[in-house]
C-alpha cells in the first residue's frame with residue numbers, strides 16, 4: 503500500500519505542473535518505451551490524477567475554447583502505453599524502480615469535426631493523458647475521465663502539440679457516445695452530446711491566451 507501511495511504522489515506532482523492549462527508537451531527525453539496494450543484494465547484499480555486548471559473543466563464552453571480540436575471519432579485501436587517524465591523510486595522492498603507518467607497511444611478515425619478540420623479519410627494517431635502503470639497493477643486517469651475503448655465512438659477534445667501530434671488531456675476530454683456507426687452516418691445531429699458541443703463551439707469562451715499549434719493531421 504505504501505508503494506502505491508508513493509506512485510500516486512509522484513505522478514500527481516508531475517501532472518499538476520504539466521496539466522495546469524490542460525496542455526503538456528509530449529516530447530521529452532526521459533521517456534520509456536511503449537508497453538503492450540493487452541492488459542485488461544477492467545480488473546485494475548483506478549487512481550485519479552488531480553491537477554489545477556485555468557479553466558472550468560465542467561464548463562463545455564470553456565473546455566471547447568481552450569481546445570484546438572473537438573471532433574467525433576471512432577477508436578480503431580489501443581496501441582499501448584508510453585511513459586513520460588520517468589523517475590526512479592523505491593519499491594516496497596527498497597529496490598529502485600522506474601515510474602513514469604502514462605500516456606496511452608490510440609489510432610482514431612475522425613467521423614465529424616466540431617472545431618478544427620482534421621482528416622476524415624484516414625486514421626490518425628493521438629496520445630491520451632493517462633493509462634496503465636509500468637508494473638501493470640493500476641490505471642491513472644483524471645477525475646471525471648476515462649480511457650477510450652476500441653470500437654467505440656467519442657467526442658474528443660484535443661490539443662495540437664509543437665511536433666504536430668494531438669494530445670487528449672484533462673477531465674471530460676473524451677465523451678462516450680452510445681450510438682452505432684449507422685446512426686452517426688445517418689443522423690449525427692440527433693445526438694444530445696453532439697448538439698451540446700456544437701452549441702459550446704458556437705458560444706466558446708477563451709479565458710486564457712496561449713501558444714497554439716497546428717496538427718499534422720489537418721485536411
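Numbering (the working numbering), first residue to last: 503 to 721.
We treat Cβ as the ideally placed atom computed from N, Cα and C, and that holds for glycine.
From residue i to residue j, what does the alpha carbon distance come to, in whole angstroms?
i           : j           : result
residue 660 : residue 669 : 5 Å
residue 718 : residue 595 : 45 Å
residue 721 : residue 591 : 44 Å
residue 602 : residue 544 : 21 Å
residue 699 : residue 691 : 11 Å
residue 713 : residue 569 : 12 Å
residue 548 : residue 651 : 15 Å
residue 507 : residue 615 : In this predicted model, residue 507 has a pLDDT of only 35, less than 50, meaning its place in the structure is not dependable; the value taken from the coordinates is given anyway. Their backbone Cα atoms lie some 40 Å apart in a straight line.
The ligand ZN heavy atoms versus the CB of residue i: any closer than 7 Å?
i           : result
residue 623 : The ligand ZN is not part of the structure shown, which contains no ligands of any sort.
The alpha helix (DSSP H) with residue i in it runs from where to where?
i           : result
residue 696 : 694 to 704
residue 566 : 562 to 568
Who pairs with residue i in a beta bridge, going by DSSP?
i           : result
residue 662 : 668
residue 580 : 608
residue 625 : According to DSSP, residue 625 bridges with nothing at all.
How many whole angstroms separate the CB atoms of residue i and residue j, which I take to be in contact at a CB cut-off of 8 Å?
i           : j           : result
residue 608 : residue 580 : 6 Å
residue 686 : residue 578 : About 15 Å separates the two Cβ atoms, so there is no contact after all.
residue 635 : residue 605 : At roughly 12 Å, the Cβ-Cβ gap does not stay under 8 Å, so residue 635 and residue 605 are not in contact.
Tell me the residue span of the beta strand (DSSP E) that contains residue i.
i           : result
residue 679 : 676 to 679
residue 548 : 548 to 551
Determine, for residue i, whether the minimum Cβ-Cβ distance to residues of chain B falls below 8 Å.
i           : result
residue 542 : Absent from the structure is chain B; it holds one protein chain and no more.
So, do the region 570 to 578 and the region 631 to 646 have three or more beta carbon pairs nearer to each other than 8 Å? no
Can at least three beta-carbon pairs, one atom from the region 664 to 678 and one from the region 628 to 643, be found at a separation below 8 Å? yes
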